[in-house]
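Undergrad:
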Amino acid sequence: MPIAHIHVLAGHPRPVLKQLLREASAAFAQALDAPPERLQVWITEVDPELYAIAGEPADEVLARTPRAQAEIPLIRMALMEGRSTETLHRVMAALSATTARVLGGDPQRVRVQIDHVHPDRWAIGGVPASQARAAELARRAAGQGG
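Position one of the sequence shown corresponds to residue 1 (the UniProt record's numbering), numbered consecutively onward.
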């Protein structure tokens, strides 16, 4: 169920974005100690003419400022409730560092938001996760992974 949605300004080369998908997925899985096949990572490119940096259209800012000094990537994650604060901090740090490194920016400019989802508010095939994965959630709560 873990999802990471990375928002960046349009204009990065496609191979760089594909590399970000690969590396962010690996960092996400490692930081969460989760199977990679359970994770989803996607990138949304935002039109610089429709994005403001300090109240000014980003295309105008980028005309005079290097991208790495102007862009502020945003990573929004949806994670099932129940992970420790340490785990949340680890995943925020890992995805921030990976995003900055792959895009050639400063990790201090990356922003991360984690939205917790209660297992009764996430469905798998129309069945609440609280029911569909009850055994898995019990293992996780007991610290046995899953």
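C-beta: ideal position from N, C-alpha, C; glycine also.
Please read these numbers as outputs of a predicted model, since none were measured by experiment.
Could you give the residue range of the alpha helix (DSSP H) that holds V61?
TA: Where V61 is concerned, the enclosing alpha helix (DSSP H) stretches over 58 to 62.
Undergrad: Express the C-alpha separation of A100 and D106 in angstroms, rounding to a whole number.
TA: Approximately 5 Å, taken between the alpha carbons.
Undergrad: Grab the span of the alpha helix (DSSP H) containing A29 for me, first residue to last.
TA: Element bounds for A29: 14 to 32.
Undergrad: Could you tell me the boundaries of the beta strand (DSSP E) in which T44 lies?
TA: It spans 40 to 46 - the beta strand (DSSP E) in which T44 sits, taken as one unbroken run.
Undergrad: Are the Cβ atoms of H5 and M92 separated by less than 9 Å?
TA: No. Outside cutoff.
Undergrad: Please say whether L9 and E71 have beta carbons closer to each other than 9 Å?
TA: Yes. Within cutoff.
Undergrad: With a cut-off of 8 Å on the beta carbons, I'd call V110 and Q19 a contact; round off their distance for me.
TA: Rounded, the Cβ-Cβ distance is 16 Å, inconsistent with contact.
Undergrad: Closest to Y51 by C-alpha separation, out of A94, Q108, G11, would be which residue?
TA: That would be G11, whose Cα lies nearest to the Cα of Y51.
Undergrad: Rounding to the nearest angstrom, what Cα-Cα distance links A141 and A29 in this structure?
TA: So the alpha carbons of these two residues sit roughly 18 Å apart.
Undergrad: Could you tell me the distance, in whole angstroms, from the CA atom of I53 to the CA atom of G104?
TA: Roughly 18 Å separates the two Cα atoms.
Undergrad: Excluding sequence positions up to five away, which residues of its chain have a Cβ less than 8 Å from the Cβ of E49?
TA: Here the set comprises P57, A58, D59.
Undergrad: Need the endpoints of the alpha helix (DSSP H) that H89 sits in, please.
TA: Looking at the DSSP string, the run of the alpha helix (DSSP H) that includes H89 is 85 to 103.
Undergrad: On a Cα-Cα basis, can you pick out the residue from A134, T98, P128 that is closest to L17?
TA: With distances taken between Cα atoms, L17 lies closest to T98.
Undergrad: DSSP state of D115, grouped into three classes?
TA: Strand, per DSSP.
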